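J.:
In our numbering, the protein residues as written are 949 to 1250.
1) Quick check on this structure: which residue in 1048, 1077 and 1018 has the alpha carbon closest to the alpha carbon of residue 1180?
2) From which residue to which residue does the alpha helix (DSSP H) around residue 1021 run?
3) For the 8 Å Cβ check, are there 3 or more pairs between the segment 991 to 1003 and the segment 1014 to 1031?
4) Which runs of the alpha helix (DSSP H) at least 4 residues long sit entirely within the segment 1093 to 1159? Give them in chain order.
5) Could you give the first and the last residue of the continuous beta strand (DSSP E) run that contains residue 1026?
6) According to DSSP, simplified to helix, strand and coil, what is residue 1062?
7) Report buried or exposed for residue 1053, applying the criterion of at least 16 other Cβ atoms within 10 angstroms of its Cβ.
8) Using alpha carbons as the reference points, say which of 998, 993 and 991 lies closest to residue 1230.
9) For residue 1218 and residue 1244, which I take to be in contact (beta-carbon distance under 8 Å), what is that distance rounded to the nearest angstrom?
10) Evaluate residue 1125 with the Cβ neighbour count: other Cβ atoms within 10 Å of its Cβ, from every protein chain shown; 16 or more gives buried, anything less gives exposed.
11) Buried or exposed for residue 1206, going by 16 or more other Cβ atoms inside 10 Å?
12) State the Cα-Cα distance for the pair residue 1132 and residue 1015, rounded to the nearest angstrom.
13) Assuming residue 1215 and residue 1172 form a contact by the criterion Cβ under 8 Å, report the distance between their Cβ atoms to the nearest whole angstrom.
14) DSSP three-state call for residue 1214: helix, strand or coil?
15) What first and last residue would you give for the beta strand (DSSP E) that runs through residue 1197?
Spelled out as structure tokens, the structure:
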């Protein structure tokens, strides 16, 4: 069987409206490789699809969260978002500066969203990430474990607890939890706690769907693989610093641990946003309790 590893190459950050540009890595079962490829993606957006819908997107100033805010606002939604640092260029109607990984932060966001938007129809839990050092399980203190759980699991649990009652009152709503393929393919060198938290989030999301479906509220999860974001690049830098290597070596180490990306590139944030927009729309009214993987084929099993 051919070696199916794929080499990731770094490219400068591209604006959301730029063509996707990547290099398909050399494969032993093909004569050519390392060739430049451009995908000109144009997603048709109905600017009335979410008109009047009140939406909260956590972690909405960077990466996938930022792309989700832009996508839903472009489709007419009234969007509230939250992060620890503001983004002056956000199209969100309401921004709440808070740390949703804390009890007080989650409470402040929920209250501000209900007051500012007059209710809630859609909640997208995009906040997440890992700041764990390299070094495997022994490098992870109890404090690191708790921080990872607070950000990647409990932030969603707490906000759901505060916002879902509003959805129950109106008999409708949609929730999307952004999980990760690392719940199935954990990177032992640096993201054990993150992967465990995301595994718990996926399980929680499924359980919540069982309870809320009969009440008119749809709950789904999205599990991205490697995404071109500043957070993913920060993880590369941490791994390189711990190993005393360069960033390209650290980046390739991540790709090797994941087993490669068969389509030859990571996803872009706006591709995650497009999937999320579909899941919270009426077009997906029969989709409930599901988890959608968007990883370019990284997970090798059914």
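Glycine included, C-beta positions come from ideal geometry on N, C-alpha and C.
Just so we're clear, the structure is a prediction, and the values are computed from it rather than from any experiment.
T.: Concretely, from the data shown:
1) Ranking 1048, 1077 and 1018 by Cα distance to residue 1180 puts 1077 first.
2) It spans 1011 to 1022 - the alpha helix (DSSP H) in which residue 1021 sits, taken as one unbroken run.
3) yes
4) 1103 to 1118
5) Here the beta strand (DSSP E) through residue 1026 covers 1026 to 1031.
6) helix
7) buried
8) 998
9) About 15 Å; that fails the 8 Å criterion.
10) buried
11) Taking all protein chains in view, the Cβ of residue 1206 is crowded by 16 or more other Cβ atoms within 10 Å, so the residue is classified as buried.
12) C-alpha separation (whole angstroms): 25 Å.
13) The pair is a contact, with the Cβ atoms about 6 Å apart (cut-off 8 Å).
14) The three-state reading of DSSP puts residue 1214 in coil, since its state is none of H, G, I, E or B.
15) Element bounds for residue 1197: not the beta strand (DSSP E) but the alpha helix (DSSP H), 1195 to 1206.
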